[in-house]
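Top line first, the protein sequences correspond to chains A and B.
So the number in this note's numbering is just where the residue sits in the first sequence, counting from 1, plus 35.
So the number in this note's numbering is just where the residue sits in the second sequence, counting from 1, plus 352.
Backbone N, C-alpha and C fix where the C-beta goes; we use that ideal spot for every residue, glycine too.
Nothing here was measured: the structure is a model prediction, and the numbers come from that model.
As structure tokens, the structure follows; a few thoughts come after it.
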Amino acid sequence: MNFGFTEEQELLREQVRRFLDNKCPLTEVRKIAESKAGFSQDLWNEMAELGWLGITVPENYGGLGMGWVDLIVVLEESGRSLFPSPIISHNLAIDALLSAGTEQQKETWLPAMASGQKRGCIAINEKTNWHTPEGIRLQGLQERGLQEKGKQRSNGYSLTGEKHFVSDVDAADFYIVAFRADDKPEDITLAIVDSSASGVKTIMTETFDKTKREGILSLSDVVVPKDQILSEGPAATETLSRLLELGAVAVTAEAVGAAETALNITTEYAKERIQFGAPIGRYQGVKHPLADMYVDIESFKSLAYYAAWAADEVDGSLSRSASIAKAYASDAFVRIGTDSIQLHGAIGYTDEYDIQLFIKRSKWMRPAFGDTHFHQDRIAALSF
Amino acid sequence: MDFDLSPDELVFRQEVRDFIKTNMPDKVAKKDEMAFVTEWNKKVREKRWVGYTWPKEMGGGGGSLMKQVILKQEMAIAKTPGLGTCFMGLSWVGPGIIQYGTKDQQERFLPDILDSKFQWCTGYSEPNIGSDLASLQCKAENKGDHYLVNGQKMWTSLAPFAEWMILLVRTDSSSENKHEGITCLLVHMKSPGLEVRPIKNMTGSAVFAEVFFTDVKVPQENRLGEEGKGWMVTVSALANERSSIAEVAGLERKLEDLKALVKRIEIQGKPATQDQSVRRTVAGFETIIESMRLNGMRYLTKQLKGEPVSSETSVNKLHKATLEVEMGDYAVSLMGHVGIHSRNSPDALDKGRYAYRALSWPDVVIGGGTPNIQKNIISERILGLPKD
Ligand SMILES: Cc1cc2nc3c(=O)[nH]c(=O)nc-3n(C[C@H](O)[C@H](O)[C@H](O)COP(=O)(O)OP(=O)(O)OC[C@H]3O[C@@H](n4cnc5c(N)ncnc54)[C@H](O)[C@@H]3O)c2cc1C
């Protein structure tokens, strides 16, 4: 039994942390967050060189052939630095290809993703704002028009509609799109849509966490040939659940790092700020909320690590463990973000002081891949 | 990261399972319960599973921490009786004697603890001394071949039933440092001048007591550790009182109980299982319990790697305190009027078990150091904030 990381994984953590401390301190994070792209192509390229973009890609597709337990080390560190990058979307797209893709699809995309040349993202949500298949309404019409014109590669679909809240949509070269095919509307179908396909448009939206980017994927008569279907029927629903669960694990891993930074910043401030003749950290009204933060972080850290382990197993334990991790972390992280500001006093409310970046991240993270109530409902469904 | 057991550990687990299968009946009649537990204790003792990690030469099992976890987990799952009944002897008195005791003390005291012969009790708190234990005032004078003890202890659990007490006294009040001048003594409860007065708690039971000392003589050979160094003995003894993984199994059992209860009751004429707020509340408890289980595993891994684990255990203690209060109360609140009926009431459900739990949480929440003190430990020792 070893519920901890290997020496190699600890080394990876050290490397990522040093890289981000050097190249992307919070001053740099702010600059990137204000930029148009919202991430740094230069740093992305450097990460590709270091192999970090292909951690979960098997070696025969040019990756490192490691798993989610390795990946969360990177995610935890990227969260610790509030590093703005499309790395979560990228990895979810990798997993979608790995768990549902055809050999040809894998060969087309995975080597290019591992080397950093291509990025993917997942486009599931719609205005319905639900994290369940029922929320998916986008229609896929069988490609009759094309057949009539005699193009026999057909049996694909044509998509018209919008996907909303699509993380990193602007940075992606392809999207994993969920829709309902008109010949089997009771099921979900997942397909790969190339960003260069005709009829594809992305519209950037804006949330208060500028370190995270998202947008609308607008599709107008976009043709999805048959060979770009990723999965259909019950298998597609399964892939969809897995993506939701992995997404929950990924943002929780980032939350572990981010919350630890928020706790560190606030603890250091409490040691230095003097009121009533003593550091405020001496007063229990200050030190006890900090202890509460520690308890929560330790706890959702354990849950995130375990869920990452479950993601690499085939025993089906991911579903419950991912939900438990996210159910804990969603609300706890927001409490941590809120208390961090409160314990700083007015300085914490300023734009200049960094602690404000963390409450924004916590509220960005809360609905991502399902909030506490959503996951509590999934947990309860296993008992009642 | 792996959760696999080594081949040796797997063999051990099978041995434990087989033992349980052979020795744990499906049902024990109420009248046979005592006899069954006595018999059980004898058998697990023969297996050397009581004091499983204690050194072999001291009568323990000489086993690994990991196997002890397996052992306790399997027992918890099968809802067997515990491993021995001398709770405090096994939890901290014994480990204290192993670490600081003389050979003579080890020979005199350890076998009886392992054989569940009688109870030990713990004389730390006093009328004016609770959380700030190191300020204790109960006095002892060194009279050469014995110590003369005068003073009072308070809230001493099991004192009315115990044969021996581990006692903290002040032998020297000259030091500025309150942690110095404290000495640890092992006291026979039948010593002349020692008087026990039970205190009834709000559930009606009288498990703890006041203990008065009037010129009580404690022989030199019953001093544990050096004179004046009793604080160290206590701290390392209490370090054994870890919120262990096996303890989480107890909470998991309470959660199972709660789920079973939810399945039986109705709210406004509808099954409680269909009530969204009930479902979410129970899932919330489950989430915290699972985090405790995994925190425990993470800290255990550290221990197995030889890294120190100390203040981190306050994390699970705080969770446990919250859950003991909230889960007990939630069951009662769900049951409405029925919830507050106690044991013998015709309107009680499950013999008033939940009503009892709704009031007995101080056993855990106050007994082992209050939540405020756990938060001081985390904020001062882990986060490095100034002491208040
Ligand atoms: C069921 C039960 C069994 C017990 N068994 C034993 C036993 O066997 N042997 C034994 O020696 N003792 C025993 N105790 C006593 C127990 O150890 C003490 O109750 C405990 O240490 C708290 O001390 P106190 O009750 O005097 O409360 P106090 O220390 O007076 O505390 C009162 C309140 O003030 C708070 N407080 C105190 N100091 C601080 C601080 N610095 N910062 C913030 N808040 C603070 C506490 O959190 C608490 O809420 C038992 C208690 C119970 C309830």
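No Cβ of chain B is located within less than 7 Å of the beta carbon of Lys261 (chain A).
Ligand 1 has no heavy atom closer than 6 Å to the beta-carbon of Pro738 (chain B). The beta-carbon of Lys361 (chain A) is placed no less than 7 Å from the nearest beta-carbon of chain B. About 5 Å separates the beta carbon of Thr237 (chain A) from that of Val204 (chain A), a gap short enough to meet the 8 Å contact definition. Our two residues, Asn668 (chain B) and Arg65 (chain A), have alpha carbons roughly 37 Å apart in a direct line.
Judged by DSSP secondary structure, Trp144 (chain A) falls within the alpha helix (DSSP H) whose first and last residues are Glu138 to Ala149.
Here Gly234 (chain A) is actually not in contact with Asp208 (chain A); their C-beta atoms are around 16 Å apart, not less than 8 Å.
Within its own chain, the residues whose Cβ lies closer than 7 Å to the Cβ of Thr586 (chain B), once the five positions on either side in sequence are excluded, are Leu520 and Cys536, listed in chain order. Under the Cβ distance rule, Pro660 (chain B) does not count among the residues neighbouring chain A, no pair being separated by less than 7 Å.
Counting along the chain, Asp229 (chain A) sits inside no alpha helix (DSSP H); it lies in the beta strand (DSSP E) bounded by residues Thr224 to Asp229. Excluding its 5 nearest sequence neighbours in each direction, Thr302 (chain A) has C-beta neighbours in its own chain below 8 Å: Gly316 and Leu325, listed in chain order.
For Ala68 (chain A), the uninterrupted alpha helix (DSSP H) run begins and ends at Leu61 to Glu69, by DSSP. The alpha carbon of Trp87 (chain A) has as its nearest neighbour, out of A:Ser70, A:Ile67 and A:Glu112, the alpha carbon of A:Glu112. The contact set of Met427 (chain B) on chain A, defined by CB atoms closer than 8 Å, is empty, because the minimum CB distance reaches about 18 Å. Every unbroken stretch of the alpha helix (DSSP H) spanning 4 or more residues and falling wholly within the stretch 667-730 of chain B is given here in chain order: 705-712, 714-717 and 723-729. Chain-order list of chain B residues neighbouring Phe335 (chain A): Ser643, by C-beta distance under 8 Å. Burial is judged here by how many other beta carbons sit within 10 angstroms of a residue's own beta carbon; Gln572 (chain B) has fewer than 16 and is exposed. Judged by their CB atoms, Gly411 (chain B) and Tyr404 (chain B) are not nearer to each other than the 7 Å cut-off.
Given a length threshold of 4 residues, each whole run of the alpha helix (DSSP H) inside the stretch 342-380 of chain A is given here in chain order: 353-379. Take Phe118 (chain A), set aside five residues on each side of it, and the residues of its chain with a beta-carbon closer than 6 Å to its own are Leu55 and Cys59, in chain order. Interface annotation, Val667 (chain B): in contact with chain A, CB-CB separation under 7 Å. Per DSSP, Met427 (chain B) is one residue of the alpha helix (DSSP H) stretching across Leu417 to Ile429. With a cutoff of 7 Å on beta-carbon distance, Pro121 (chain A) and Ala206 (chain A) are scored as near each other. Under the three-pair Cβ rule at 8 Å, the stretch 648-659 of chain B does not count as touching the stretch 376-385 of chain A. Of all residues in the stretch 296-307 of chain A, only Thr302, Ala305 and Lys306 place a beta-carbon less than 7 Å from a beta-carbon of chain B.
Remark: the shortest separation between the CB of Asn724 (chain B) and any heavy atom of ligand 1 falls under 6 Å. Non-local beta-carbon contacts of Asp130 (chain A) in its own chain, meaning distances under 8 Å to residues more than five positions away in sequence, involve Thr91, Arg277, Leu278 and Leu281 in chain order. Taking the beta carbon of Asp412 (chain A) as reference, the chain B residues within 9 Å of it are Gln628, Arg631, Arg632 and Ala635, listed in sequence order. From the listed residues B:Glu642, B:Met418 and B:Ser443, the smallest Cα separation to Leu590 (chain B) is found for B:Ser443. Annotation: Ser487 (chain B) has no Cβ neighbours in chain A at a cutoff of 9 Å; minimum Cβ distance is about 19 Å.
When secondary structure is reduced to three states using DSSP, Val284 (chain A) falls in the helix class.
The continuous beta strand (DSSP E) containing Trp516 (chain B) extends over residues Trp516 to Arg522. Straight through space, the alpha carbons of Ser557 (chain B) and Gly351 (chain A) are spaced by roughly 46 Å. In terms of Cβ geometry, Leu132 (chain A) and Thr195 (chain A) do not form a close pair [threshold 7 Å]. Tyr452 (chain B): member of the alpha helix (DSSP H) spanning Gly446 to Tyr452, first to last residue. At least one CB of chain B lies nearer than 7 Å to the CB of Gly39 (chain A).
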